[in-house]
Structure formats: C-alpha cells, structure tokens
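Numbering (this note's numbering), first residue to last: 4 to 877.
We put the CB at the ideal spot given by N, CA and C, even for glycine.
Keep in mind that this is a model prediction, so the values were computed, not measured.
Here is the structure we will look at.
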RNA sequence: GGGUGAUUAGCUCAGUUGGUUAGAGCAUCUCGUUUACACCGAGAGGGUCAGGGGUUCGAAUCCCUUAUCACCCACCA
C-alpha cells in the first residue's frame, strides 16, 4: 500500500522489529555457498559510545550489506570487550568491591553497592572478594552495558546476526584463550622468564612494548663527579641521581677519544664509595650529556642492554612500589656510613630520595655546576600517569619475532599476504614488526582477566618449581587455578610444601582479543555441536575492520596467534578506518571532552542520515564531524521515498500486487523507447562501477556515483518522461509509449533501491515494504550484474538529452522565466551526429521543456551544443 | 632523528594508469514552484590545484625540494 505522504520519520522502529522477527540477517549455517565472514571489533563496554564508533561500524555494515546483495552468506557476529583494566576499574567503583586473590569464592555473592560511585569510598570500605566473584560481577555489569550498545547498534541499522555474540571474558573466550596458551606452551612458543622489564608502579603490573606511550616529562640534569684512583674526577650527567646507589659502571662510546684512555680503569662513586669500572659500549652516545653515562640497575632500557651485554652486576634499590626498598640484608655492596645513609632512604619515593641525595652530593662537593631543567620523552603505560620503572620479575612471554629474525621475516611476509585497505597502512604493520625489541609480555599482575591455566609444584623444601608447570586437560578448560586443582591433587595440598600453588597472574587483554577470529568462529556455545566444521568454513575470515591506532596491538597480535596456531593469516582483508576529528581537527576522545554522543543525532537526523555521513568518508581517511553531511543524507533518504512513491503510483495495480521480483522480470520487454533504454544503459554502467568500487572496499566511491546518477535521474529522466508516462499530449508533438516510460521508471527504481540499500537501509526498506513482503536486504535480484535491456543502445542519448535539458533550463533561468513557460521555438547549434542521436527523444524533450512549437537545429561542425535563440509562445 | 598520510572554491571533499575550459555538495546570490518531493526545484558567481624547480608536445596527477598540519616509531646519560 502506498502512503499518502512519503516520509522517513518514524520508519525505523517498525522496520527494526520486522528485521528481528524475520531474522533477516541470519547467517545460514546449513546452506552451502560462498561465505563472507567478518571479525567485528568488540567494543569496550566500559566506555560510552561516541560518533567515532558510528563511523567505523557503518563502514563494516556497508560491506556486509553489499556482500549479502551479491549473494554471499554473510557471517557478521558481534563481540563485547569487557576484559581488562577499564572494566576492572568500572566494576570496582560500581559495586564497591576490590579483587583479592587470597579470598575464596562465595556462591550467590551480593555486592555492597550497586551503581555507587565507589571513588568516594575509603580503602577499607571496599569489599574484598575472590577473582572468580569479581569476574561474575563484571559479566553482570557488562551485560547491562551491552544492552545499551546493542540498542544503539540496532538503531544504526547494523546487520549483525545477534545470535552470534560473545564477551571477551565469557566462558568460551576464557576456554579458547587458555587452550591457545597451552598449545603455544607445548609448541615452545610461550615461555616464562625472570628478567628486568617495564613496570607500572600505580597499577602494580608489568606492561608490554605495545602498551607504551612516550610522553614529555620534566626532569633535571645533575652533573655528578666520580673519583678516579689517581684523584682526578670523571663527571657524568644524570636526571636520576636517586639511582646513584645502583650504579654498576660508567659507559662511553668505544670511539670517544675523551674517554678511551679510561676504559678498563675504575672510579669511585660519591657518597656511597662504590668502585665501578669505566667501560665501552656502542649504545653510548657521544653527543648526549657528558658523553659518558652512569649505568644503574635499572634507569632505562639502555641500562638493561648494558647489564646484559657487559654482564654487569645487579644492584637494585628501587622496588615495585616505585620507592627505595632496602633493609639490613640488602645492598651488600655498600658499606660503612654510606650504608647508614642508604638505609635512611628506605621507603622514600624516587622524588624525595632524589632531593636527599642531591643535598648530600652538594655536601660532599660532588655536584658540579647548576642543576639544569630539561624536558625529555619518557615511557608511560598508556593508561597510567607515572613514568615506568624497570624491575625484575618472572613473566610469561609469547614469541613474536622481537628477538628472532626468522620469525620476524615470516610475520613481515604475512603482512604482505594481507590486503590492507588502504594499502599504505601496511607500512605501520611493517614498522612495528621490524621495530619489535622483545617477545610479547602477556602476563599481568592484575585480577580481572583470563587466568593462566597453570600450577607449580612446591618442593619439600618449600621452593616453588617454576620450571615444570602443571597443566590441566584441554577438555577441562576454562579453569581458575586459584579454585581448581591439578590432576591428582586436592585443595588440602594447596600452598604447602610437597603440594602445589596456583599461577596468580592473568593474561593481558590483547592475549584474548588476539583470538577474536577463533572465538567468533567457534560455535559450540550456540549450537551444542562440535566446532570443527564451522571453523573450517569460516576461517580464515574474510575481513578484519578496525581502527588505525591498534594495528600494532590488535591487528598484529591476531596475525601472530593465527600464524602460530593455524600457519595462516586470520583474515584476507583488513579495512582500516580513520579518525573522527572535531571541527577544530582534533581527534575526538573522551579525555578531551569533545565527544558528541550519537543517540541524539540519530533522533534528529535519522539512522540513514548518520550512515550517509559515515559512508561518504573513505577508509583510512580522517574525517571531520559534520552535521551538514547528515542533513544531506536525510535529504537523500527523503528524496528516495518520494521518488519511489511517484514511480509506484504510476504502475498498474497488478504490477504492485505481483511484487518486485515478478515485476522486474516482466518489465524489460515493455521498455521500447530508445531514450528509456539509454537511461538504463547508464544505470547498468553505474551498477557495474559501484560493484567494482565495493569489491575494492571503496564504499565512498560507490555512494558517490550512485547518488550522482540518482539526482540526475530525478532531475532529468523523471522530468523528461513524466508527461509521456501520464499519457499527456502536447500540440504538434507525437507522444511515445507511456508503457515504456512506466517500465523504465520501475526498473530504474528497483536497481537504484538495491544500490542505495547498503547506505540508506531504512528508506529503501520502507519503500520496498509498500509492495513486497520480504526484505530488500536479502533480495536475490542483483546477485549478478544486471544486463541492460538492449545491448545496441548505449548511454550517449540520455547524456545528450540531459545536456539539452540543462541548456534550455539555463536560458529560462537567465531570463527569469518559470520552467513551465511555453516556448514557441528553440534553435540549437548542434553537430549532425548529435541531431541524428537526439531524434528518438524529441517528443519527450519538447514536452519536458514545454516547447509548443519545435526544436530547430542548426548544423554545426563543433561538438559543442549551444542555444542560438528562442521565441516565447503567445 | 626515521617513517606514513594530507595540502584542490568560504567550508567538506572527488579527481581512476599524465590528455580539451579542474568537478560535486554545503554556504552565498538570482529565479521559480505547491497533483513524487518546501525536509522542493532550476540556475549563477566563486579555484595561480600549499610554494619553488624539473621531466614532457602536454602536469592537480610523475620526479626533486621547501613549508604547514595530523599521526606512527625512536629518543630517560
């Protein structure tokens, strides 16, 4: 039934209900046929949505809808990322709880608060609960957050099959993350090692190279004098005098003539009186500071490198708290009064220890010159706000080529196999792989995450045997080693000599996220059936859509895991979306407070309008937030439903009753007029080009050419054939076939509905619903490109007709005449070839332009067409 | 310091392997229209393609160079 007035207002809710009820976007598991599978990014549920999400998720949905129209069986799942620090913090504050790995699991636990801002609680007011209870609370809260996300995604029109959803902390994800870890372990791809590494003192966890962020941090150069055996001094510059007690050597470049004769000699540190060697190493830079550096345990990663390469002793005074940690039994390398001084520093922060040492340096006359302020780049954990320290700890690693050139080369090769869109994004991948300096540190000393499925034996003497971890059976996964026990042992043997102890660390959140293809393609949680056949069908997946900022993390780590486990890429294509910038061209982010929330935009402009805005930006290109584009999108949707109403209102009743499928089949034979065929020749070409653009992941180009044809169709073709379609006559003019006009309009409407459907799915569905029962989004009509009605007629005539229409309209406009003003004659200068070409369209032209007399042609040798003069009718 | 991308009309952006007079939308101005669409239509004005140099019959497009912007990597002496 055609509506009285066509509109896009209020159409979304009923359409969404129909889509759900009919399960329109179902992945057809049992059907054979070409599959297109999408590794949808699971959004972080602890954050709120902003327009940037709409942007990139729309890009993915455009592809999903296009592939469906082309006959692919599209697998489009949705995940939710609730694993990791952001959720951990949110759950703490929301429920007023703190995880504590010494607590036991309580069934039916009720948290003290719900929805409270726990930031206002004092430390002792939090409820300390077990990791398992904490994970339960997280799953509960995430479910609530997910409902909101889902509502917004649906409102936006994402064609996700909601039967296939997962959380990165749910049982299935934990099982797969643990299973994959155990497989890496047995393949020798995962290992543990005690070594110095970057440590966040606020979060009390080790962090990985991928999570580092270099920030400018203020510091002060102190010039400190060390004393040689002959009484002369060697001055070094340091920004960290508080590490003086940790000094193990002074190091200069082997080519540095200033220090060459000192290599092999020793000097004594001021205050502490420790004798340290002067050594040569190529990592020392002659042009930095004094050109000779104080090497400590550990001031920075270069210190670690020197410590390793030069086999230097370990002299640690800074602990995991970021404070000086020394007691009676430590720091044996320092003796006498100096030792008493050092003990006085115990418990001081690096900052206050520094000022005490500086005072002491001044007192002993070892501080030379002025203290010079400086700004330097320092490594931070991306979520932290204190500079990272380096501490020694036992951690788990996964090999990533960071210290293995063969693996590195293999991973670069994987990158070459992957189709990056746009292709220059591959450079970022290459840069990252080639710049890796260590294996991937995957253990975190946190609480909320996937546990390592491991225990260790405790020997009779109470020493923990880390070398041979106890592992569970794969079929028992997921397990929590804090609750479950290893085979052949029971709870009574936990943490006693001769018994076992749990691995207490959890995996880094990326260690789970890097498995999203494995999680998404495993079906057993949904169907109760084995996964293998499904996995074989879906993996490697077709597409990974994601942001450019997480190439080094999510994209790389996923490639790495699939390389290790499956010896293949995880997907064939990677579609990288750009940023959304605010109007000042700054990146939109929560911390800058310039985020625009999407729900009210959806309400003002409608889903199709927001999708239009997102669709008009190409992949990989940053885009300014622009409400103007949304208005245009809304206009397009409105224009479309009005066009549809017009075209359909012209059709005989039986055509509307038979529906689009039948009508489309029958309409071609009724298209007899050459100009109608020519218009459709153009449209078929647009369709081919749009398909090609989509196949190359250039949705913006597909939209541009489709939209451009659409407006020219409305302005020129519809105006051209309107009167013929109505069956109207004009004096002195022979009208053509109105049947042909009706059929051409109908075919053009159907084809354009399909081309526009990915961009404005609601408006196209609305118009479709007036005369069809099913959804246009799973229509089978354009699985193959549409053949033009008459291969002997090309698009030139319609282009020429459009041009003549424009020329005459311009004349009328310049003369400030109404477009309806009747003209007696119009004389055109035009080439003989074009005169011939134009002949079949003359009647339509005269009617559309209201030329009551005739169009006269003056033959011209130029290919240009020009209006020579015209005469108004009486 | 190394790298990637960008720079085209007042604004947002197209411009396919080099090929007539560089395009679109928004905004501006003019005019029109109420039986598909006033959430409308027709038309006009507006550009030294960031600057400089080169290759070529011909450059927005290829090469070199400079500048500006954004981002990535490295940089704790």
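Provide the residue span of the beta strand (DSSP E) that contains residue 1, from first to last. The question about residue 1 has no answer here: the residues shown for the chain are numbered 4 through 877.
Buried or exposed: residue 1, going by 16 or more other Cβ atoms within 10 Å of its Cβ? Past the edges of the chain, shown from 4 to 877, lies residue 1, and the structure says nothing about it.
Using a Cβ-Cβ cut-off of 6 Å (strictly less than) and excluding sequence neighbours within five positions of residue 740, which residues of its own chain qualify? 675 and 676
Assuming residue 453 and residue 177 make a contact with CB atoms under 8 Å, what is their CB distance in whole Å? 5 Å
Quick check on DSSP: helix, strand or coil for residue 141? helix
Is the beta carbon of residue 849 less than 9 Å from the beta carbon of residue 736? yes
Can you look up residue 779 in the DSSP assignment and give me helix, strand or coil? helix
Using the three-state DSSP reduction, which class does residue 786 fall into: helix, strand or coil? coil
Alpha carbons only, please: which of 155, 290, 230 and 200 is nearest the one belonging to residue 300? 200
What does the alpha-carbon distance come out to for the pair residue 530 and residue 317? Because the pLDDT at residue 530 is just 47, under 50, the model does not fix this residue reliably, and the value given afterwards should be weighed accordingly. Distance between the alpha carbons of residue 530 and residue 317: 55 Å.
DSSP on residue 530, reduced to helix/strand/coil? Bear in mind that a pLDDT of 47 at residue 530, under 50, signals an unreliable position, so the model cannot answer this.
Residue 28 to residue 778 span [Cα, whole Å]: 10 Å
How long is the line joining the alpha carbons of residue 610 and residue 543, rounded to whole angstroms? 32 Å
Specify the secondary structure class of residue 76 as computed by DSSP and reduced to three states. strand
Exposed or buried, residue 196, counting other C-beta atoms within 10 Å across all chains shown (16 or more means buried)? exposed
Mind checking which residues open and close the alpha helix (DSSP H) that includes residue 438? 428 to 438
For residue 341 and residue 236, the rounded distance between their alpha carbons: 20 Å
Contact between the region 246 to 254 and the region 313 to 330: three or more CB pairs below 8 Å? yes
Would you decide whether residue 456 is buried or exposed? Buried here means 16 or more other CB atoms lie within 10 Å of its CB. buried
When you compare the CB positions of residue 213 and residue 443, do they come within less than 9 Å of one another, or not? yes
Which residues in the same chain as residue 422 place their Cβ atom closer than 8 Å to its Cβ, once the five residues preceding and following it in sequence are excluded? 575, 576 and 577
Determine the direct distance from the alpha carbon of residue 72 to that of residue 571, and round the result to whole angstroms. 29 Å
Quick one: any contact between the region 469 to 484 and the region 184 to 198, if contact means 3 or more CB pairs under 8 Å? yes
Check whether the region 507 to 525 and the region 14 to 28 are in contact - that is, three or more C-beta pairs closer than 8 Å. no
Should the region 212 to 231 be regarded as contacting the region 265 to 281, the criterion being three or more beta carbon pairs within less than 8 Å? yes
Own chain partners of residue 685 with C-beta closer than 6 Å, once the 5 adjacent residues on each side are dropped: 798 and 801
Do the region 802 to 822 and the region 862 to 871 touch if we need at least three Cβ pairs shorter than 8 Å? yes
Whole-number beta carbon distance between residue 158 and residue 383, since they are thought to touch under 8 Å: Not quite, the Cβ-Cβ distance comes to about 37 Å (not below 8 Å), so this is no contact.
Whole runs of the beta strand (DSSP E) within the region 146 to 228, excluding any shorter than 3 residues: 168 to 170 and 193 to 203
If you follow the beta strand (DSSP E) that residue 855 is in, where does it begin and where does it stop? 854 to 863
Helix, strand or coil for residue 444 per DSSP? strand
Starting from residue 637 and walking both ways along the alpha helix (DSSP H), at which residues does that stretch end? 630 to 652
Any idea what DSSP makes of residue 834, helix, strand or coil? strand
Does the Cβ of residue 221 have 16 or more other Cβ atoms within 10 Å, making it buried, or fewer, making it exposed? exposed
Going by alpha carbons, who is nearest to residue 108 out of 137, 699 and 437? 137
To the nearest angstrom, how far is it from the Cα of residue 379 to the Cα of residue 428? 29 Å
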